[in-house]
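Trainee: Here the sequence shown is numbered in numbering that gives the first Met the number 0, starting from 0 and rising by one per residue. Quick one: structure below, then a few questions.
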Amino acid sequence: MKFIATAIDGAFLIEMEAHVDERGYFARTRSDEEFLAHGLDNNLSECSISSNDQTGTLRGMHYQAAPHEETKLVTCVRGRIFDAIIDLRENSDSYMQTFSTQLSLENRHALYIPAGVAHGFLTLEDNCYVQYQIGGLYQPDAARGVRWNDPSFAIEWPFHPAIISARDQGYEDYAS
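This is the structure:
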């Protein structure tokens with residue numbers, strides 16, 4: 000696995016190294032030893048998947064409030080997504096900065112998102128499945144979000160979403 004630091008402190012784009020043969024490929028998606036060598040929280044105790052039927056489906060920008068922050072390792076296991084994160088940690092050198100990338104099965108990339116960083120994605124094709132390995136327990140009362148198009152962050156989305164939940168549309172402008 001190759002770890003590539005992003006503009007967000009503690010966030011990494013992870014390239015899975017494929018072992019290819021006539022059957023296809025095999026790639027490791029997580030390694031305790033390699034995560035620890037990069038100083039990453041490796042206590043990913045939950046795993047979830049989201050199914051997204053239509054191109055232009057937006058989910059995000061979600062995070063959990065202190066003290067229930069979650070670390071995430073996000074992989075697109077079918078389809079292709081535009082994935083974005085926002086550093087909301089006030090004590091971070093990259094506070095209020097964003098990072099975005101494309102994730103797909105074909106590019107074999109995953110995104111490691113440290114606790115305190117908001118996450119969201121936009122599907123770039125139909126029938127996308129996104130897998131989340133999560134460190135921390137989900138606490139519904141701690142669930143928060145910021146609006147995907149909040150001018151404070153100026154994320155350059157590839158196009159306007161076709162499907163977005165009322166909750167995700169209704170977030171207020173971010174106030175630090």
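We put the CB at the ideal spot given by N, CA and C, even for glycine. All of these numbers come straight from a predicted model, not from anything done at the bench.
To test your reading of the DSSP string, which unbroken beta strand (DSSP E) runs of 3 or more residues are found completely within the region 35-93?
Mentor: 45-51, 56-63, 70-77 and 79-86
Trainee: Between the C-alpha atoms of arginine 107 and glycine 169, what's the straight-line distance to the nearest angstrom?
Mentor: To locate residue 107, count along the sequence shown from 1; it is residue 108. To locate residue 169, count along the sequence shown from 1; it is residue 170. About 33 Å.
Trainee: Whole angstroms is fine: what's the gap from glutamine 63's alpha carbon to methionine 15's?
Mentor: As a first step, residue 63 is located in the sequence shown; it is residue number 64 there, counting from the start. As a first step, residue 15 is located in the sequence shown; it is residue number 16 there, counting from the start. So the alpha carbons of these two residues sit roughly 28 Å apart.
Trainee: Quick check on alanine 178: does DSSP put it in helix, strand or coil?
Mentor: Because the chain in this structure spans residues 0 to 175, residue 178 falls outside the shown range and cannot be described.
Trainee: Do you know how far the Cα of arginine 143 is from the Cα of tyrosine 173?
Mentor: Here residue 173 refers to the residue found at position 174 of the sequence shown. Here residue 143 refers to the residue found at position 144 of the sequence shown. C-alpha separation (whole angstroms): 11 Å.
Trainee: Please give the ranges of any alpha helix (DSSP H) in the region 105-170, keeping only runs that are unbroken, at least 4 residues long and fully inside the region.
Mentor: 165-168
Trainee: Would the region 77-90 count as touching the region 33-42 if we require 3 or more Cβ pairs under 8 Å?
Mentor: no
Trainee: Classify lysine 71: buried if its beta carbon has 16 or more other beta carbons within 10 angstroms, exposed otherwise.
Mentor: Numbered from its first residue, the sequence shown carries residue 71 at position 72. Under the 10 Å beta carbon count, lysine 71 is surrounded by 16 or more other beta carbons and is classified as buried.
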